[in-house]
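Shown next, in structure tokens, is the structure this report addresses.
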Amino acid sequence: MITRKVTRKWEKLPGKNTFCCDGRVMMGRQKGVFYLTLFLIVGTCSLFFAFECPYLAVHLSPAIPVFAVLLFVFVMAMLLRTSFSDPGVLPRALPEEANFIEMEIEAANGNVMAGQRPPPRIKNVQINNQIVKLKYCYTCKIFRPPRASHCSICDNCVDRFDHHCPWVGNCVGKRNYRYFYLFTLSLSLLTIYIFAFNIVHVVLREYRNIFEHVVSLTPHCTVLEVLVCFFTLWSVVGLTGFHTYLISLNQTTNEDIKGSWSGKNRVQNPYSHKSIIKNCCEVLCSPTYPSVLDRRGVMLEDLSSPTPSDASAASTHQSSNPVSQTTKSSAPLIPNEHTPDEAKPGIGSGTQKSTSSPKEEKPPSPTSPNAVAPAVIKESSH
Amino acid sequence: MAETHSLQDLRQAAVASKVFVQRDYTSGTICKFQTKFPAELESRIDKQQFEETIQTLNNLYAEAEKLGGRSYLEGCLACLTAYTIFLCMETHYEKVLKKIAKYIQEQNEKIYAPLGLLLTDPIERGLRVVEITIFEDRSIGSR
């Protein structure tokens, strides 16, 4: 009996994301800085638990290491949640949808003289008495929803795009912004905590003059921890403060950098509730938005019978929808390490199509400048 | 006797065209679809019926995204457990999505399939559009 490997939808997703655990984990492309973040946090905390905590637990209180452990677990949970979850990626338009939108655009633009550049593809929408421009994404072939933006590192349009953070190795968008914020907040608390207790430890030792228990390695560890915490403090606490400011105004980093709602020409943020508490509640306590990517759904293969899939919604529509769901999207497939070998020759014909699409991506407006803040914002404006 | 299509018959029918109902962003970023009646469906379905379907969908999505005591409670509880509670519990949004899927299935069976149309759940298109597939009307002299 031949066991056929089930193809899940994440294997065929366009974009430059990395997937692990059979589609359960989704990350950005470059993971080096993420490993550094992990190393710094785990390393510093290990040194703290190994060298400071025994002393502090005995001479001050056993609650100190207990609280540190809880804080550390929370920080790690938030970091992994931010890094491994779908930030709110918008799936690319399937061919029929893309054609439908193209026809609408052509109908709206009328006849363009030969040699003349066609007008930029923009839709104007009025939100809360404010005109918001929706731009067309040439890669995803959709008009981007308000507040969405295309991340050039991950090659996806992300809903409520904040920024692409190399420290967490993923984009920060609608679905994982609260985890990102809680990560920076709890990391600030953890850093301050470790920093403070290192100082306390050094001071206590000075006053008690205990030399017989001192392991020669201990003072070096304390100095190392203090150094790491000192540099982390400035960047992480600053970042937390900045994001607290953004949340209270219901703005994204992307909008702040571009100055979308800076107040020039009486332009105001139409998404803000004009109340700090309401804005905070909306950003941090709104219902958790589901992922629309369906990474673990099973792709129907032409030869095999449909196998039961995890996504219940996908299974009910696989039986009723006569249009085959194995239709590959018109956006060029970028083969990555997860592309099954039999799909690669098929992609060869697809890449020929893709060589023409970068020509379409001529940005009519200048690209946005890179941010100076620790978070790198790379977004190509189409 | 009028010949009506059932959901099973549609699987063999040929797709004539597709209509895409876009999102309505006038109320902000909440999930809402335009209730404007597409011209391509004029000969197939009653305008009132179509608008009612879309409006019900909009109401269901509004229920999913509602900011209220319940969502705050869920958010705070989840935060306290470092969001591990979602490993065993379904979020409110997911529960409403299941309701929506059932509603669309029901609408397809009762109203749209007999008219040779098929609604696709917006979640399968990234909550961007409501895709309506128009099938070739093979029945001669029906309705």
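So the sequences go chain by chain: A and B. Be aware that the first sequence starts at 1, since it is given in UniProt numbering, and climbs by one per residue. Be aware that the second sequence starts at 1, since it is given in UniProt numbering, and climbs by one per residue. Backbone N, C-alpha and C define an ideal beta-carbon position, used for all residues, glycine too. Keep in mind it's a predicted model, so treat the numbers as computed, not measured.
With 16 other CB atoms within 10 Å as the buried threshold, where does residue i fall?
| i | result |
| --- | --- |
| I247/A | buried |
| M299/A | buried |
| H243/A | buried |
| D155/A | buried |
| P95/A | exposed |
| R23/B | buried |
| I100/B | buried |
| K274/A | exposed |
| H201/A | buried |
| P14/A | buried |
| R24/A | exposed |
| D256/A | buried |
| H150/A | buried |
| Y245/A | exposed |
| T84/B | exposed |
| R70/B | exposed |
| T29/B | buried |
| N250/A | buried |
| C45/A | buried |
| C31/B | buried |
| Y35/A | exposed |
| V58/A | exposed |
| A108/A | exposed |
| L239/A | buried |
| E52/A | buried |
| A82/B | buried |
| A148/A | buried |
Within the same chain, show all residues whose beta-carbon is closer than 7 Å to that of residue i, passing over the 5 residues directly before and after it, in chain order.
| i | result |
| --- | --- |
| T35/B | E51, I54, Q55 |
| M78/A | Y179, L182, F183, S186 |
| E40/B | S17, V19, I134 |
| K66/B | none |
| F74/A | S186 |
| L119/B | I104, Q107, N108, Y112, V130, I132 |
| W261/A | Q251, E255, V267, Q268, N269 |
Could you have a look at residue i and say whether DSSP puts it in helix, strand or coil?
| i | result |
| --- | --- |
| F195/A | helix |
| T222/A | helix |
| A39/B | helix |
| N129/A | coil |
| N99/A | helix |
| I153/A | coil |
| R160/A | coil |
| T44/A | helix |
| K258/A | helix |
| C137/A | strand |
| K16/A | coil |
| A57/A | helix |
| R147/A | coil |
| V236/A | helix |
| L90/A | strand |
| S188/A | helix |
| S83/A | helix |
| A13/B | coil |
| K174/A | coil |
| T252/A | coil |
| K5/A | coil |
| V202/A | helix |
| S6/B | coil |
| V25/A | strand |
Got a sec? Which residues, its chain only, sit under 6 Å from residue i by beta carbon, not counting five neighbours each side?
| i | result |
| --- | --- |
| F180/A | T82, V172 |
| V283/A | I247 |
| L233/A | T191 |
| S291/A | D86 |
| K16/A | R29, C154, D155 |
| A64/B | Y93, V96 |
| P345/A | Confidence at P345/A is low in this model, with a pLDDT of 47, below 50, so the placement of that residue should be treated as unreliable; the coordinate-derived value is given next. Around P345/A: no qualifying Cβ. |
| N336/A | Low per-residue confidence applies at N336/A: pLDDT is 47, beneath 50, and the placement is therefore not dependable enough to give any value. |
| T18/A | M27 |
Note down, in chain order, each residue of its chain lying with its Cβ closer than 8 Å to the Cβ of residue i, except the 5 sequence neighbours on either side.
| i | result |
| --- | --- |
| E90/B | none |
| S279/A | A small correction: the amino acid at residue 279/A is Asn; Ser does not occupy that position in the sequence shown. Cβ neighbours of N279/A beyond the five flanking positions: I247, S248, L249, N250, S272, H273. |
task: Decide if the region 75–82 of chain B is in contact with the region 123–137 of chain B; the criterion is three or more beta carbon pairs, one per stretch, under 8 Å apart.
output: no
query: Should the region 159–175 of chain A be regarded as contacting the region 22–33 of chain A, the criterion being three or more beta carbon pairs within less than 8 Å?
result: yes
- request: Let me know the alpha helix (DSSP H) ranges lying completely inside the UniProt domain "Golgin subfamily A member 7/ERF4" (19–131) of chain B, each 4 residues or longer, listed in chain order.
  value: 47–64, 69–80, 92–107
task: Examine the Cβ distances between the region 125–144 of chain A and the region 52–71 of chain A and report whether three or more of them are shorter than 8 Å.
output: no
- prompt: Considering only residues of the region 260–301 of chain A, which uninterrupted alpha helix (DSSP H) runs meet the minimum length of 4 residues and lie entirely inside it, listed in chain order?
  reply: 276–285
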